[in-house]
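For reference, the structure discussed in these notes is given below.
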Amino acid sequence: MNVLAILMIGGVLAVPGVALVALRWASHRGELNLPERAALLPFDEEEPVGRATDQILNRQSAES
Amino acid sequence: MSASSQTFSALLPGDVSDDSSKRALLAEIDASCRVPVLFFVISGLLWLLAGTALALVASIKLHSPGFLASWEFLTFGRVRPAHLNTVIYGFASQTGIGVTLWLMCRLCRVPFVAPGLATVAAIFWNIGLTVGVVGILIGDSTSIEWLELPRYCTPILFFSYALVAVWAIITFRLRREQHLYVSQWYLLAAILWFPWLYATAQIMLLIEPVRGVVQAAVNWWFAHNVLGLWFTPIGLASIYYFIPKVIGRPIHSYYLSVLGFWSLALFYNWNGLHHLIGGPMPAWMITVSIVASVMMLIPVTTVAINHHMTMWGHFGKLKHSPTLRFVVVGALCYTATSLQGIANSLRSYSEVVHFTHHTIAHAHLGLYGFFAMVMFGSLYYIIPRITQREWPSLGLISLHFWACFLGLALYVVPLSLGGILQGLAMNDASVPFLKVVEGTLPWLKLRTFAGLLLGLGHVAFVGNLVWLLARVFGPYRKPVVAILMGAETAAVVGK
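Sequences listed follow chains A and B, in order. What the first sequence shows, in our numbering, is residues 6 to 69, in sequence order. What the second sequence shows, in our numbering, is residues 3 to 497, in sequence order.
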């Protein structure tokens with residue numbers, strides 16, 4: 006039972022433990038200091054901020 | 003650059019410093035994803051159809067027990083877990099992996115590395131799952147909820163998943179964009195959490211089984227975390243990518259998105275034991291789980307505020323974008339199911355709704371309303387880009403959305419209310435149990451009708467996809483439609 010308890014408690018602690026290590030890694034890399042830059046990452050020259058995409062339901066009819 | 007990075011970089015095409023190269027790269031990324039992503043997605047959708055059929059059989063049996071009662075492989079005890087596992091591991095996991103592969107390539111700015119690896123993973127995943135579902139139907143279920151697949155198929159699934167994880171790590175190492183978007187945080191976490199959850203549960207429940215109530219504790223730790231640490235991160239990653247992308251506006255607050263991710267990572271995995279309220283578990287374990295469940299208010303609220311404020315002023319775009327429709331409905335369902343889950347975790351509320359159809363409504367609001375709807379929306383965005391073809395029928399898109407939306411509402415609302423009434427009646431010692439059961443029949447019949455609507459939506463979606471694929475691979479191939487992409491990209495693709 007002691008081994009089980011260690012396994013279970015260890016298992017439950019593992020996720021937040023790994024999360025804390027990853028958080029420290031992210032902080033050291035400066036990932037948390039670039040909110041504006043990071044928020045723009047889904048955009049690019051082809052699909053920039055300000056351009057809506059996927060507006061296909063206003064087509065008159067499907068392409069044939 | 004480290005030695006390992008240099009080794010991986012040999013797999014990639016040359017530098018992409020100028021603008022035209024970047025545009026070409028975007029089209030190249032989409033095209034490179036075609037085979038592996040389509041393999042996962044098509045497999046997932048075929049499992050969705052199978053899972054829907056099994057769900058309908060199980061649902062009808064709840065109010066008409068004589069339905070298909072003469073075949074033992076279609077008894078409720080087999081059909082219901084077969085439905086659950088086809089939907090969880092067949093549809094949701096495979097479409098989730100497909101969307102993850104595409105998002106990782108897009109956000110890492112690298113073409114699909116080693117597509118053969120991912121395709122082999124998809125083949126083995128489907129072989130393992132087919133063996134497992136047939137095993138359930140012939141009576142080999144493990145009888146452990148969410149882990150009913152027989153032990154002999156899980157090594158195949160695990161091997162397949164390991165290939166996907168290896169692929170994700172290689173792609174991450176090769177990324178050309180050094181900073182991470184919040185969606186990547188969620189995706190990487192999901193990719194690393196799932197094998198840990200699955201392996202731990204397999205070892206502690208099937209390979210070296212623990213005894214007694216500890217089994218239930220491990221079971222619900224796994225089952226709850228599959229939702230929260232596997233499907234939820236993939237769903238939220240997709241929402242954080244597609245809402246900004248479709249409306250052309252960055253997310254309202256990147257800080258809030260980061261706070262939401264880290265609070266999910268810290269609190270979610272403690273939640274599962276609230277399913278055992280009233281059971282023979284140490285009270286402190288249940289209490290810790292309830293506290294952690296209430297702490298989920300932090301990630302849920304941050305995500306809800308962020309999504310709503312990002313959409314603020316852009317709700318008109320819902321009219322024109324199928325992706326946005328599905329994803330926004332999914333985001334709303336995420337907030338709703340999370341708040342409902344927090345309420346369910348409280349002892350006073352759980353005393354009423356535990357062991358009722360309210361729980362079934364809650365599970366479907368989460369996995370279908372949130373995750374499946376977000377996946378549908380994501381696929382409406384991804385598939386035209388990787389196949390370079392438009393969706394052939396707008397009518398089928400509308401049919402898909404409205405059938406699923408109405409089906410979901412008809413499923414969740416009546417079962418939630420009916421579950422509360424059922425729970426109140428069960429807690430009333432003066433009401434005979436048979437009366438309680440009879441009182442659920444109207445809700446169960448509505449559930450079957452709702453399931454038919456959902457099935458109609460799924461058929462419309464798959465029909466539209468088959469039509470699109472016929473244009474891609476069939477003898478009458480149509481040209482690339484310019485609405486999908488900028489003219490320059492279309493030119494690059496055409497070369």
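C-beta: ideal position from N, C-alpha, C; glycine also.
- For ILE399(B), the nearest beta carbon of chain A is closer than 9 Å to its own beta carbon.
- Per DSSP, reduced to three states, the secondary structure at HIS366(B) is helical.
- Secondary structure in the segment 249-329 of chain B: the alpha helix (DSSP H) runs of 4 residues or longer, each lying completely within the stretch, are 256-269, 285-297 and 299-313 in chain order.
- Contact annotation: PRO252(B) and ALA24(A) have beta-carbon atoms that are not nearer than 9 Å.
- ILE11(A) has a beta carbon lying at 9 Å or more from every beta carbon in chain B.
- Annotated as distal: PRO324(B) and TYR243(B), with beta-carbon spacing of 9 Å or more.
- Within 10 angstroms of the beta-carbon of ILE344(B) lie 16 or more other beta-carbons, which makes it buried.
- LEU176(B) sits in coil when the DSSP states are folded into three classes, being neither helix nor strand.
- Closest in C-alpha terms to ASN308(B), from the list THR289(B), TRP286(B), ILE399(B) and LEU334(B), comes LEU334(B).
- At least 9 Å separates the CB of ILE385(B) from every CB of chain A.
- Chain B has a Cβ within less than 9 Å of the Cβ of ARG42(A).
- By the Cβ neighbour-count rule, ILE288(B) is buried, with 16 or more other Cβ atoms within 10 Å of its own.
- Taking a C-beta distance under 9 Å as the contact criterion, LEU261(B) and MET298(B) do not qualify as a contact pair.
- GLY453(B) counts as buried, since no fewer than 16 other beta carbons sit within 10 angstroms of its beta carbon.
- Here the alpha carbons of PHE69(B) and ALA170(B) stand approximately 45 Å from one another.
- In the structure shown, LEU151(B) falls within a coil segment according to DSSP collapsed to helix, strand and coil.
- Counting only runs of 4 or more residues that sit fully inside the segment 57-96 of chain B, the alpha helix (DSSP H) segments are 78-87, in chain order.
- Residue ranges of uninterrupted alpha helix (DSSP H) with 4 or more members, entirely inside the segment 353-402 of chain B and ordered along the chain, are 359-366 and 375-389.
- Where PHE475(B) is concerned, the enclosing alpha helix (DSSP H) starts and stops at 443-475.
- Under the criterion of beta carbons closer than 8 Å, LEU165(B) and ALA191(B) do not qualify as touching, at roughly 19 Å.
- For a Cβ distance threshold of 8 Å, residue set GLY250 of chain B lies close to ARG56(A), ordered along the chain.
- The three-state secondary structure of ASN38(A), taken from DSSP, is coil.
- For SER34(B), the closest Cβ of chain A is not nearer than 9 Å.
- In this chain, the alpha helix (DSSP H) harbouring SER185(B) covers 184-204.
- For THR202(B), a Cβ of chain A is located within less than 9 Å of the residue's own Cβ.
- LYS63(B) counts as buried, since at least 16 other C-beta atoms from the protein chains shown sit within 10 angstroms of its C-beta.
- Of the residues ILE245(B), TRP272(B) and ILE241(B), the one whose Cα lies closest to the Cα of LEU199(B) is TRP272(B).
- Of all residues in the segment 293-326 of chain B, only HIS316, LYS319, LYS321, HIS322, SER323, PRO324, THR325 and LEU326 come within less than 9 Å of chain A when Cβ atoms are compared, listed by chain position.
- For ALA306(B), the closest of LEU320(B), GLY318(B), VAL329(B) and PRO284(B) by C-alpha to C-alpha distance is VAL329(B).
- Contact of ASN63(A) with chain B by beta-carbon distance below 8 Å involves LYS321 and HIS322.
- Against GLU74(B), chain A offers no close residue; the least beta-carbon distance is about 36 Å (beta-carbon pairs closer than 9 Å).
- A contact between stretches requires three or more CB pairs, one per stretch, nearer than 8 Å, and the segment 367-381 of chain B fails this requirement with the segment 437-449 of chain B.
- With contacts defined as CB atoms closer than 9 Å, VAL355(B) and GLY421(B) qualify as a contacting pair.
- HIS402(B) sits close to ALA462(B), with the two beta carbons spaced by under 9 Å.
- Among the CB atoms of chain A, none fall inside 9 Å of the CB of PRO197(B).
- Contact annotation: in the segment 233-246 of chain B, residues whose CB is within less than 9 Å of a CB in chain A are TYR242, TYR243, PHE244 and PRO246.
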